[in-house]
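Each residue of the sequence shown is one higher than the one before, counting from 1 in my numbering.
Each residue gets a CB set at the ideal place from its N, CA and C atoms; glycine is no exception.
Have a look at the structure below before the remarks.
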Amino acid sequence: MLHPYDQDPPQGWLGNANQRSIPKGYGLQLSNSWYYPERAERLAQLAGNGKHDSRSLIAMQYDQTTLFAAKLKAMFEAPGMAQPLKQAIDALPAEQKARAREAYTRLMAFDGRLSPQSADAAVYELFLQQSARQIFLDELGPE
């Protein structure tokens, strides 16, 4: 299959959220920027709610929910992560510890809605940006 396609999918709808649309082992390198499937998973949640009209399709376009937040929170609460994370926060100097606890509390309270008015959403997005920066800083150098 040189040109990936889908025809009469079993779920009854076609949608793309920049997710992997080809099977693993496809044979040709098209991209690798689609690794995370959460946008497509959210699309499947919304599209799987029965028949749609123009209003529901517009609502899908404006949806601001991220499913990755729930996965991140589950990782933070996992047995091998929760205790070391708590210990790392507790080991910080007092002022940093207070800010880290507040950030952690906000991350854990975040409901996944990326609303512009949500302080929890702002902390979540900042966490993602800073995590990526810290992960690659030693390889790529400072800005």
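Within the continuous alpha helix (DSSP H) that includes residue i, where are the two ends?
i      : result
Thr105 : 94 to 109
Asp6   : Asp6 -> no alpha helix (DSSP H), and no H or E assigned at all.
Glu41  : 38 to 47
Ile89  : 79 to 90
Ala119 : 119 to 140
Gly57  : Here residue 57 is Leu; the residue named in the question, Gly, does not match the sequence. Unbroken alpha helix (DSSP H) run through Leu57: 54 to 61.
Going by alpha carbons, who is nearest to residue i out of the options?
i      : options                     : result
Gly15  : Ala44, Ile22, Tyr26, Glu38  : Ala44
Ala121 : Gln129, Gln130, Asp111      : Asp111
Gly27  : Leu46, Glu139, Ala78, His3  : His3
Ala59  : Ala74, Lys71, Arg42         : Arg42
Met75  : Leu30, Glu95, Met108, Ala98 : Met108
Pro10  : Gly48, Met81, Ser31         : Gly48
Inspect the beta-carbon positions of residue i and residue j and report whether they are closer than 8 Å.
i      : j      : result
Leu114 : Gln64  : yes
Ala40  : Ala17  : yes
Ala88  : Arg106 : no
Glu38  : Leu67  : yes
Ala82  : Leu92  : no
Using 10 angstroms around the beta-carbon of residue i, count the other beta-carbons present and answer buried if the total reaches 16, otherwise exposed.
i     : result
Tyr5  : exposed
Leu72 : buried
Residue i: beta carbon under 7 Å from a heavy atom of the ligand GTP?
i     : result
Ser33 : By its list of ligands, the structure shown contains no ligand whatsoever, and the ligand GTP lies outside what it can speak to.
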